[in-house]
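Working notes for the structure below.
Numbering (mature numbering (1 follows the signal peptide of the UniProt record, and there is no 0)), first residue to last: -23 to -1, 1 to 130.
Here it is in structure tokens:
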């Protein structure tokens, strides 16, 4: 019994030792997409409905709100929109119906194309998201790679 366990231990050490005999070098390459889409979004906000003591303060708040609305629109395009709904029946009659939606995500690399008033009480902001720029930001942080070649020595 003792001889069998010593033989198995010796055999396992020999097999483990053989696996480190071969050394390897792995070559990596960066994978780049074929084309890059450009997304655009427009956000709107009312001017008179904003909080503020003066018209200029209300306009600045509307500019900011329209920019946030445009970012929400871009986030919907990139990540999608989550929709939750529920219905309540009472005596086979629809008594309550609820529908809500939410958007969550991070947008990097978007740029403001134009911000302008529309009519007397509306402000609009146009954003653009070029995925070439997003890819460059991604490369600077993540460095995605795939195996190009493996050399065994």
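Glycine residues also receive a C-beta, built at the ideal position from the N, C-alpha and C atoms.
Out of curiosity, what's the CA-to-CA distance linking residue i and residue j?
{"i": "residue 91", "j": "residue 27", "result": "20 Å"}
{"i": "residue 85", "j": "residue 6", "result": "25 Å"}
{"i": "residue 34", "j": "residue 25", "result": "10 Å"}
{"i": "residue 58", "j": "residue 18", "result": "15 Å"}
{"i": "residue 80", "j": "residue 15", "result": "20 Å"}
{"i": "residue 111", "j": "residue 49", "result": "17 Å"}
{"i": "residue 10", "j": "residue 116", "result": "12 Å"}
{"i": "residue 126", "j": "residue -19", "result": "41 Å"}
{"i": "residue 94", "j": "residue 30", "result": "19 Å"}
{"i": "residue 66", "j": "residue 76", "result": "15 Å"}
{"i": "residue 118", "j": "residue 54", "result": "23 Å"}
{"i": "residue 96", "j": "residue 70", "result": "45 Å"}
{"i": "residue 63", "j": "residue 128", "result": "58 Å"}
{"i": "residue 38", "j": "residue 74", "result": "34 Å"}
{"i": "residue 98", "j": "residue 56", "result": "31 Å"}
{"i": "residue 60", "j": "residue 68", "result": "27 Å"}
{"i": "residue 114", "j": "residue 89", "result": "17 Å"}
{"i": "residue 72", "j": "residue 78", "result": "21 Å"}
{"i": "residue 32", "j": "residue 83", "result": "32 Å"}
Report back the beta-carbon spacing between residue i and residue j to the nearest angstrom; my notes put them in contact at under 8 Å.
{"i": "residue 51", "j": "residue 87", "result": "6 Å"}
{"i": "residue 47", "j": "residue 104", "result": "4 Å"}
{"i": "residue 130", "j": "residue 1", "result": "7 Å"}
{"i": "residue 3", "j": "residue 124", "result": "6 Å"}
{"i": "residue 109", "j": "residue 13", "result": "4 Å"}
Would you decide whether residue i is buried or exposed? Buried here means 16 or more other CB atoms lie within 10 Å of its CB.
{"i": "residue 20", "result": "buried"}
{"i": "residue 106", "result": "buried"}
{"i": "residue 40", "result": "buried"}
{"i": "residue 42", "result": "buried"}
{"i": "residue 44", "result": "buried"}
Provide the residue span of the beta strand (DSSP E) that contains residue i, from first to last.
{"i": "residue 90", "result": "88 to 95"}
{"i": "residue 107", "result": "99 to 107"}
{"i": "residue 75", "result": "70 to 79"}
{"i": "residue 126", "result": "123 to 129"}
Could I get the ranges of all uninterrupted alpha helix (DSSP H) runs contained in the stretch 22 to 64, with 4 residues as the minimum, in chain order? Counting whole runs of 4 or more residues, the stretch 22 to 64 contains the alpha helix (DSSP H) stretches 32 to 56.
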